[in-house]
Amino acid sequence: NKFIATIFICISILSKIKNPQQMMWSISVFFLVLLNSHTGFSLTSDGLSLLSLKSAMDDGGGGTVFSGWNENDDTPCTWTGISCANISGSSEPRVVGITLSCKNLRGYLPSELGTLLYLRRLNLHGNNIYGSIPDPLFNATSLHSIYLYDNNISGSYRGLF
């Protein structure tokens with residue numbers, strides 16, 4: 012059920028936020044998502060996962076990087092830095108690439124990126140991303156290119172090679 016999946020993703024996002032300003036913004040998004048999901052909210056599951064990335068990052072580029080990432084869209088395929096492809100057996104295009112390199116982003120990699128099962132390329136190099144690579148990211152079994160250099164990533168990279 013899309014409604015239950017929406018609630019699960021939102022709660023997962025909220026539980027990881029430590030910054031009070033991000034928490035307030037995320038709670039607002041949570042209630043907006045909850046309200047919209049009850050009234051025909053139609054953003055794809057991939058789009059919901061990408062909203063967790065938006066919530067986990069401060070947009071140091073003056074708010075322009077994520078300005079077009081709208082939770083009211085049907086699909087994230089038109090969002091800045093997102094590429095999609097038609098996948099056999101899927102009723103909608105799926106996210107296959109995230110390219111947000113050198114955008115002055117600051118934040119962490121949310122575990123919800125692991126729900127992007129068809130993600131092939133993740134390019135976030137040259138930002139200020141900190142923390143470790145979340146284990147659920149390795150659920151994205153199609154992932155073959157990951158560019159995270161020139162960040163502040165720590166911890167183990169097990170499962171990448």
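Numbering (our numbering), first residue to last: 12 to 172.
Backbone N, C-alpha and C fix where the C-beta goes; we use that ideal spot for every residue, glycine too.
Note that the coordinates shown come from a computational prediction; the quantities given were computed from them, not determined experimentally.
- Distance from the CA of Glu-123 to the CA of Leu-154, rounded to the nearest whole angstrom, comes to 14 Å.
- Within the same chain, and ignoring the five residues on either side of Ser-143 in sequence, the residues whose Cβ sits closer than 6 Å to its Cβ are Ser-165 and Gly-166.
- The straight-line gap separating the alpha-carbon atoms of Thr-55 and Thr-86 is approximately 6 Å.
- Residue pairing of Ala-96 in beta bridges, as defined by DSSP: Arg-105.
- Inter-segment contact for the segment 121-140 and the segment 57-77 is present: three or more beta-carbon pairs are separated by less than 8 Å.
- Take Phe-77, set aside five residues on each side of it, and the residues of its chain with a beta-carbon closer than 7 Å to its own are Lys-65 and Asp-70, in chain order.
- Leu-133 has Ile-109 and Ile-157 as its beta-bridge partners, per DSSP.
- Here Ile-164 is bridged, per DSSP, to Gly-142.
- Residues of the same chain with a CB within less than 6 Å of the CB of Pro-147, apart from the 5 flanking positions on each side, are Ser-122 and Gly-125 in chain order.
- Looking at the DSSP output, Gly-73 bridges to nothing.
- The distance from the Cβ of Ile-109 to that of Leu-128 is about 14 Å, inconsistent with a contact at the 8 Å cut-off.
- In terms of Cβ geometry, Gly-73 and Thr-91 do not form a close pair [threshold 7 Å].
- With contacts defined by Cβ atoms closer than 7 Å, Cys-95 and Val-106 form a contacting pair.
- A direct Cα-to-Cα measurement between Leu-120 and Cys-88 gives close to 20 Å.
- Leu-62: not part of any beta strand (DSSP E); member of the alpha helix (DSSP H) spanning 56-67, first to last residue.
- Here Gly-118 carries a strand assignment [DSSP, helix/strand/coil].
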